[in-house]
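Residue numbers (the working numbering): 55 to 168. We put the beta carbon where it would ideally sit given N, CA and C, even for glycine. Down below is the structure, laid out as structure tokens.
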Ligand SMILES: [Zn+2]
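Next up, the structure:
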């Protein structure tokens, strides 16, 4: 079979052999844990219009697992929130509840900040 140069697909990724636009290598890299396992739970209200949020940093989980855990923590706290840049954010001051929930799941969170 003759090799045909295609201007439509353009350059191919040498690793996954897909067009660069569809390269799956990047998303695989993205799935690496965001945290180092040094889990820190903190409460912050800076720059949030006085609204307090509980933050969990350093969870050694990939994006999907982090999203799932974030959901569990939110429901444990009965509160809303998001997962952003590897940080779980829960609306309100729920440090104690979040700490307890993390410990229950086998993590060793540290309470940091005020
Ligand atoms: Zn690739």
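Would you identify the three-state DSSP class for residue i, choosing helix, strand or coil?
{"i": "residue 126", "result": "helix"}
{"i": "residue 152", "result": "helix"}
{"i": "residue 158", "result": "helix"}
{"i": "residue 120", "result": "helix"}
Spatial neighbours of residue i within its chain, please: CB distance less than 6 Å, with the 5 preceding and 5 following residues excluded, ordered by chain position.
{"i": "residue 124", "result": "137 and 142"}
{"i": "residue 153", "result": "95 and 163"}
{"i": "residue 155", "result": "127 and 130"}
DSSP has residue i in a bridge; who is on the other side?
{"i": "residue 109", "result": "96 and 143"}
{"i": "residue 73", "result": "66"}
{"i": "residue 165", "result": "95"}
{"i": "residue 137", "result": "142"}
Only counting the same chain, and skipping five residues up and downstream in sequence, which positions put a Cβ closer than 8 Å to that of residue i?
{"i": "residue 66", "result": "72, 73 and 74"}
{"i": "residue 161", "result": "93 and 113"}
Might you give, ordered along the chain, the residues of its own chain that have their beta carbon closer than 7 Å to the beta carbon of residue i, omitting 5 neighbours on each side?
{"i": "residue 112", "result": "89, 90, 91, 92, 93 and 94"}
{"i": "residue 151", "result": "130 and 131"}
**Asked** Which residues, in chain order, sit with a beta-carbon under 5 Å away from any heavy atom of ligand 1?
**Response** 67, 69, 70, 77 and 79
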